[in-house]
Structure formats: C-alpha cells, structure tokens
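Before any comments, here is the structure.
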Amino acid sequence: MVERNGTEISPKEHEVRPGRRVVVTGIGAVSPYGMNVDEMWQNVLAGISRARVIVDERFRSRIAIPMADYDQAKLFTQAERKIRQRSSRASQYSFLAAKEALADGGHTVNNILDEGIAKSRFGVFVGTGIGGMEYYRQAGKILEETGPKEIPPSTILQVEPERVSSIINLFWHLKGWSGSLVTACSTGIDNMAVSALLIRLGINDYMVCGGTEGEITDIVMAGFGNMEAMADGRYLNEPWRASRPFNSDSTGFVPSEGASIMILEAEEVALKRNAKVYAELVGVNCNNDGNHETVPGAHEEAEAISNALEDANVKPEEVDLYVAHATSTGLSEKTEMEAVRIVFGDHVRNLAICAPKSIMGHQLGAAGATTALFAVKAIYEGVIPPTINIDNVRPEFADLDIVKKPRKKDVRVAVAFSAGFGGYNGVLVFKKYIP
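For the sequence shown, counting from 1, position 299 maps to 302 in my numbering; every step adds exactly one.
Here you go:
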C-alpha cells in the first residue's frame, strides 16, 4: 500500500501473476570494468572508479567512463564480422553481452538446434536510450561534404534503435515475440519486465533481455552537460570522485557505456534441462509520473516499488537489498529515497542500499539492466558491492544503511529500481531461488 495526502492507494484488484515462475539462467555484460561479468564484478568489488577527464575543454562537463579496453578485432569472431561492421557500438555491446549470457545459460547456435528448443518461443527484448547517434553525425557530415550518393547503405542499420535487439534474433535465429522498448534510463529494467510477463503468460519460454548504450560522444557530453545533469568541473583533478550519489556536494552524473543482458526462462523449462539458476524474478512494475520531463515524482516512484512488491507477494520488511537508481544529481537521490521511505517505513534502517552508478557511472539505456544484474549477483554470490565516494553524506540520508565496502550477506530478496526522463519508472524484485 502507498499513501498520498492521507489517501490509501490499493494494489491492483486482479491477479497479476499467472502460475509460471520466471528464473534467471544466464547473465552477460560488457562495460569499462570488463568484457564479461566476472571481470566486471571483481573490478566493482575492488571499488576503484575508472572515470577520466575528456580532453576537449569546450564542454561544461568533461568527466566520463569510456570503454577504454574495447578491442573489436579480439571480441568478434570471423563469423560475426558483419554484425560488427553493420552495427553501432550500442548494438555491438548488446550482441557481445547476449553472446556471453546465452553461453552462460547453455545456449549456442548449435545446441539451440541440437536440443530441439522451439525457437518460436525464444524471444528478445533489448533496448537503448540513445542508440546509434554517432552515425547520424557521421552521415550528416558525409551528406554535407560529398552528397547523398556517398552515404553508406549500412547507415540505416547502424542508427536504427531496434537493431540492438534484432541482431540477437537474427544471429541466433530466435523467432519468439520480440521487440525493443525505449524508456530513457529505465530502458533496461523495462525490457526485462516485459520479458518476464511474456514468460508468465506462456507466450515465450525463454527471453534474452536487457539494455545497452555506446554514446560517449560530443553531442551527449554537450547536451547533458548544458542541462546541468552531468558532473561539473570541480573534480577534474580527481575524476574518480565525481560520481558521488547521496553526498551533499554531488553535482551530476558521470556518463558511461556498456550492456547488461539476462536470460530469463520459465522454471519448468529450466528444470527439464537442468539449467543453472541465479535467482527468481518474482515481481515487476513499470509506470510513468505523468508530470514532468526531467523532475521525478516520489509518490509515483513509491507506487511502482509498492506494486512490484505486491506483484511478487513480498512484504517490504522481507527485502534485504535495495539497488538504487541514484545518479549523483542530488534531486534523483532525494526523490528516490523519499519514495523508499514511503514504501519501507521503519524497515528502511535495516535495508541495505547499493548505488551502482557511484562506480559504474550512468550507462543510460543500459543502467537499469546493470542495476538488475547487481541485484542478481548479490543474491547468487552472497555479497553486496560497495557504493564508493560516500564521504559527505546529506543529513537526510544519515540513517540509511548505504553499503560502503563489499559486504557478505545472505540476500534473499533484492529490489532493483530505475527512473528515466519522460517520467518512466521501472522496478524488478528478485528472490533467492528455491525449487
């Protein structure tokens, strides 16, 4: 239940969870902290930021976390060469993360055929917040300088936002209900939520889902910087300190890149093939503030969290870990924690809170998927990753249990939250899997 101005808001008065249980059977990631999940996770636990200063001094905001170790020649096989050539960086990242997640879940092109998996029940929902913007810029320059005949035919494939999802369908011949949602920085979680619903409803048995982004470009740096949404220049000498959610002196987010992908699967299908299970996805909810382009609403965020818990049949006091959106913009954390207090009440003091963006930076369309990945890894590994740069906490957050160092904990229930421009909110509730 959530209350607004003393008025109780009831949960949905209909059954929102058909009988099929949804489990996580594969995970994959590409990020500035590693080209796979294990490498990324170990670097995250080490708690050392890879933020750096962008050389171009024209920009108001010059701190970012780019994909410094990205080597296309090593990461793509000869058979995958066309994927690389015809795709934006966002699409390349989603492909690589999906490849890892599928392999982790026991799926390759060959064994999908050998095991007789119904590809018509294997879907893909991966999204991006911005997509292939850099190719618009390149094509515009070619158009202006040499004319329309010189625009490469591959340009359209490179800029289409759905490409981050469809390349996975096409390479692995997955033919189930598929798509690509774009909901700003809530994109990753929202694509996962829809994927879970498709499995619950019996439409698909397997889903590749998540988010991706590859857009540390001059337009992004200038645009978000001029909105005063990104970290300003006060940490140019210490860029690793710039992403600092929950602090009194936070000045904005630090942009980053990458992709996080999960394989969701119907429990009965996973059990039949003896698949490894990381966690169970028990609750989902997505909504919209319906109020403002960039200013979030605490009540609507609380409603999304509350409805996801209702969907999961989980009480607020049963939640062990809250993986926050927390972008380091000040307003973001203030609104989000107001929502958390509305939902969790006195339990908030016992609720471990983790802010991935303190170290990962803000991956925009991939951010929510990475938040969800942190929740799943915390459950599976029994360790909560640190929130770094917590050295000047706002007084209103002093009573919160913000995890500052890796903490071993039996995480039974974790909530992952994301919010995006345009009023979007997305919530996933994961539980430790018990057959």
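Built from N, CA and C at the ideal position, the CB exists for glycine as well.
Exposure of residue i, with buried meaning 16 or more beta-carbon neighbours within 10 Å
i, result
"E268", "buried"
"S157", "exposed"
"M230", "exposed"
"N310", "buried"
"I192", "buried"
"D323", "buried"
"A71", "exposed"
"A151", "The residue asked about is misnamed: residue 151 is Pro in this sequence, not Ala. The residue in question, P151, is exposed, as its Cβ has fewer than 16 Cβ neighbours within 10 Å."
"I405", "buried"
"T149", "exposed"
"R140", "exposed"
"G29", "buried"
"K275", "exposed"
"N207", "buried"
"L160", "buried"
"T131", "buried"
"I222", "exposed"
"N8", "Legend: pLDDT at N8 = 46, less than 50; position of this residue unreliable, value from coordinates given subsequently. Looking at its Cβ environment, which holds fewer than 16 other Cβ atoms inside 10 Å, N8 is exposed."
"A121", "exposed"
"N294", "exposed"
"T111", "exposed"
"G22", "exposed"
Coarse secondary structure for residue i, derived from DSSP in three states
i, result
"I393", "coil"
"E320", "helix"
"K435", "coil"
"N353", "helix"
"V197", "helix"
"P155", "coil"
"Y73", "coil"
"K407", "coil"
"H302", "helix"
"M233", "strand"
"P398", "helix"
"G423", "strand"
"F174", "helix"
"P258", "strand"
"Y281", "coil"
"E268", "strand"
"I345", "helix"
"T28", "strand"
"Y209", "strand"
"A327", "coil"
"V414", "coil"
"T215", "strand"
"G108", "coil"
"T338", "helix"
"G228", "helix"
"A381", "helix"
"I120", "coil"
"F79", "coil"
Selection from the options that minimises the alpha carbon distance to residue i
i, options, result
"A355", "K407, I30, G228", "K407"
"A142", "P155, I133, G130", "P155"
"N353", "S361, K360, V343, P359", "V343"
"F400", "T338, Y138, V185", "T338"
"A100", "R244, A232, I437, G214", "G214"
"K435", "G126, G22, V27", "V27"
"I345", "N316, A301, E384", "A301"
"A232", "N46, A329, P359", "A329"
"P359", "M43, M38, V197", "M43"
"I393", "E137, V33, S52, Y36", "S52"
"F424", "R61, T332, V298, I362", "V298"
"A82", "I66, P69, K102", "K102"
"P438", "R61, L312, Y281", "Y281"
"G426", "L403, T186, G22, I68", "T186"
"T190", "P398, I264, G108, G371", "G371"
"G134", "N316, S90, T390, F420", "S90"
"G348", "I308, V379, M363", "I308"
"V25", "A262, E336, G205, V351", "G205"
"N172", "L146, M136, Y209", "Y209"
"G50", "V351, Q75, T390", "T390"
"L200", "G108, D314, M224, W175", "D314"
Contact belief for residue i with residue j at Cβ below 8 angstroms, rounded distance in angstroms
i, j, result
"E303", "N290", "6 angstroms"
"I387", "R410", "5 angstroms"
"S251", "N395", "5 angstroms"
"D292", "S64", "Actually they do not touch by this definition, with Cβ atoms about 25 angstroms apart."
"A417", "A381", "6 angstroms"
"A104", "V211", "7 angstroms"
Residue i: CB within 8 angstroms of a non-hydrogen atom of the ligand MN
i, result
"P299", "Here there are no bound small molecules, and the ligand MN is not part of this structure."
Query raised in the report: Does the segment 209 to 227 come close enough to the segment 362 to 372 to have 3 or more Cβ pairs within less than 8 angstroms?
Result: yes
Query raised in the report: Quick check: the segment 167 to 183 against the segment 121 to 136, are there 3 or more CB pairs under 8 angstroms?
Result: yes
Query raised in the report: Between the segment 161 to 177 and the segment 91 to 108, do three or more beta carbon pairs fall short of 8 angstroms?
Result: yes
Query raised in the report: With contact counted as at least three CB pairs below 8 angstroms, one residue from each stretch, are the segment 272 to 286 and the segment 421 to 436 in contact?
Result: yes
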